[in-house]
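Residue numbers (the UniProt record's numbering), protein chains in the order written: chain V, 1 to 138; chain D, 1 to 138.
Glycine included, C-beta positions come from ideal geometry on N, C-alpha and C.
Here the structure comes first, spelled out in structure tokens, and everything after it is commentary.
There are 2 protein chains.
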Amino acid sequence: MKVLKQRSTCPVSTSLDVLGDKWTLLILRDMVFAGKSTYGQFLQSAEKMATNILADRLAVLEAQGLLTKAVAADKKSKFTYRLTEKGVDVVPIIVELILWGAKHCPTIVAPGLLAELKTGKDAAVVKYQLLAREQALA
Amino acid sequence: MKVLKQRSTCPVSTSLDVLGDKWTLLILRDMVFAGKSTYGQFLQSAEKMATNILADRLAVLEAQGLLTKAVAADKKSKFTYRLTEKGVDVVPIIVELILWGAKHCPTIVAPGLLAELKTGKDAAVVKYQLLAREQALA
DNA sequence: TCTTTGCACTTGCAAATCGCAAGCAAATAT
DNA sequence: ATATTTGCTTGCGATTTGCAAGTGCAAAGA
Numbered sequence: 001m002k003v004l005k006q007r008s009t010c011p012v013s014t015s016l017d018v019l020g021d022k023w024t025l026l027i028l029r030d031m032v033f034a035g036k037s038t039y040g041q042f043l044q045s046a047e048k049m050a051t052n053i054l055a056d057r058l059a060v061l062e063a064q065g066l067l068t069k070a071v072a073a074d075k076k077s078k079f080t081y082r083l084t085e086k087g088v089d090v091v092p093i094i095v096e097l098i099l100w101g102a103k104h105c106p107t108i109v110a111p112g113l114l115a116e117l118k119t120g121k122d123a124a125v126v127k128y129q130l131l132a133r134e135q136a137l138a
Numbered sequence: 001m002k003v004l005k006q007r008s009t010c011p012v013s014t015s016l017d018v019l020g021d022k023w024t025l026l027i028l029r030d031m032v033f034a035g036k037s038t039y040g041q042f043l044q045s046a047e048k049m050a051t052n053i054l055a056d057r058l059a060v061l062e063a064q065g066l067l068t069k070a071v072a073a074d075k076k077s078k079f080t081y082r083l084t085e086k087g088v089d090v091v092p093i094i095v096e097l098i099l100w101g102a103k104h105c106p107t108i109v110a111p112g113l114l115a116e117l118k119t120g121k122d123a124a125v126v127k128y129q130l131l132a133r134e135q136a137l138a
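Below, the structure written as structure tokens:
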């Protein structure tokens, strides 16, 4: 079981203890905005994360209760990762990262999504959280 | 000059290229919510970051245009770091980290701040961004 | 003037983490 | 029976981190 060190009792610090690295939030992004749920799908992202890092981060996220791991419905040799409520709650953080990146860095965002976030951020957050919950039941 | 590698054109990824580590956002937190502006003040935080890491992150943040470095008004041997607009724009990200951490991890938040964020998040974001801009002029 | 103190880093080094390539075992597919 | 897919694990060199100590400069004190 993965144990994380808590550096202080500040909420920003404790959040970063879990989410503060270059890969963890990309996994959650893929689950929320690309509907991904398996190890193989996560590996195919543009950022090309290493297999050992992916395995490690999935274990941490499961240990921290942001996602659950279950045998896939179609294949016994496959696992399906789904977001818990604690995981669904990071959607607002990802949304803010999208907005900041889109504004200040050279990026490519799906134009529909960006417009949606700019005109009604709160509604969009609720929508993607609902979508994520629905996938968790599938 | 610090050069950052961009892993993809996804805005989440590019944001994490700059902000995605355990320390950078703590510096910005200290500037926004604790009014800190000097090397020595950053070192005094509860998380005890190493001096070389702090120097490196300040250089990256300056190179990336999130903050500016200037000789302090009172002492020529001191530097003052101030947020740019690009830096002020990360306030919403920090706010979401506070809310997630406060909800899901054992943390200690100033009760007034937490209530403020929960009852009127957008207003609170605007308020702390204004405060940060005022400090940047001081 | 000479010394001391405070501030902002820099340096050195062991330890931890990362990136990359390869290997492995169980479940399917052919 | 053999090959492929899937989800990891292992090894290892390179990079990054954490910790302690040192450096350079300006201002203050004696």
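- Item | V:V12: contacting residues in chain D (beta-carbon distance under 7 Å) | L25, L26, R29, I94, L97, I98 and G101
- Return no unless some Cβ of chain D is closer than 7 Å to the Cβ of V:G20. yes
- Just the Cα atoms here: how many angstroms apart are V:T80 and V:F33? 16 Å
- Query: Is D:L67 helix, strand or coil by DSSP?
  - Reply: strand
- Task: Over the uninterrupted alpha helix (DSSP H) stretch that includes D:L117, give me the two end residues.
- Result: P111 to T119
- Message: I need the straight-line Cα distance from D:L4 to V:P106, nearest angstrom please.
- Response: 13 Å
- Task: Could you tell me if D:T14 is buried or exposed, where buried requires 16 or more neighbouring beta carbons within 10 angstroms of its beta carbon?
- Result: buried
- Message: Can you give me the C-alpha to C-alpha distance between V:D74 and V:I108, rounded to a whole angstrom?
- Response: 34 Å
- Contacts of V:E47 in chain D (Cβ-Cβ under 8 Å): R7, S8, C10 and S13
- Does the beta-carbon distance from D:K2 to D:A59 come in below 7 Å? yes
- Item | Per-residue DSSP class, three states only, for V:T24 | helix
- Out of D:L25, D:V12, D:D30 and D:K78, which has the shortest C-alpha to C-alpha gap to V:D17? D:L25
- Does V:L113 come within less than 7 Å of chain D when only Cβ atoms are used? no
- Among D:H104, D:Q129, D:D122 and D:W23, which one has its Cα closest to the Cα of D:R82? D:Q129
- Out of curiosity, what's the CA-to-CA distance linking V:S77 and V:K69? 13 Å
- Task: In the DSSP assignment, find the unbroken beta strand (DSSP E) run with V:L83 in it and report its ends.
- Result: F79 to L83
- Does V:K86 get closer than 7 Å to chain D when you measure Cβ to Cβ? yes
- Going by the beta-carbon positions, is the gap between V:A50 and V:V88 smaller than 7 Å? no
- Query: Shorter than 7 Å from the beta carbon of D:L16 to some beta carbon of chain V?
  - Reply: yes
- Inspect the beta-carbon positions of D:K36 and D:L66 and report whether they are closer than 7 Å. no
- Item | Buried or exposed by the 16-neighbour rule on C-beta atoms within 10 Å, applied to D:P111 | exposed
- Span separating the alpha-carbon of V:I53 from that of V:Y39: 11 Å
- Cross-chain neighbours of D:I108 in chain V, by beta carbon under 7 Å: T9
- chain D partners of V:V90, CB-CB under 7 Å? W100
- Task: Could you tell me whether the Cβ atoms of V:L114 and V:A102 are closer together than 7 Å?
- Result: yes
- D:E96 - DSSP class collapsed to helix/strand/coil: helix
- Starting from D:S15 and walking both ways along the alpha helix (DSSP H), at which residues does that stretch end? P11 to L19
- Task: Work out the CA separation of V:T84 and D:W100 for me, nearest whole Å.
- Result: 14 Å
- Query: Straight-line CA distance for D:E62 to D:I27?
  - Reply: 12 Å
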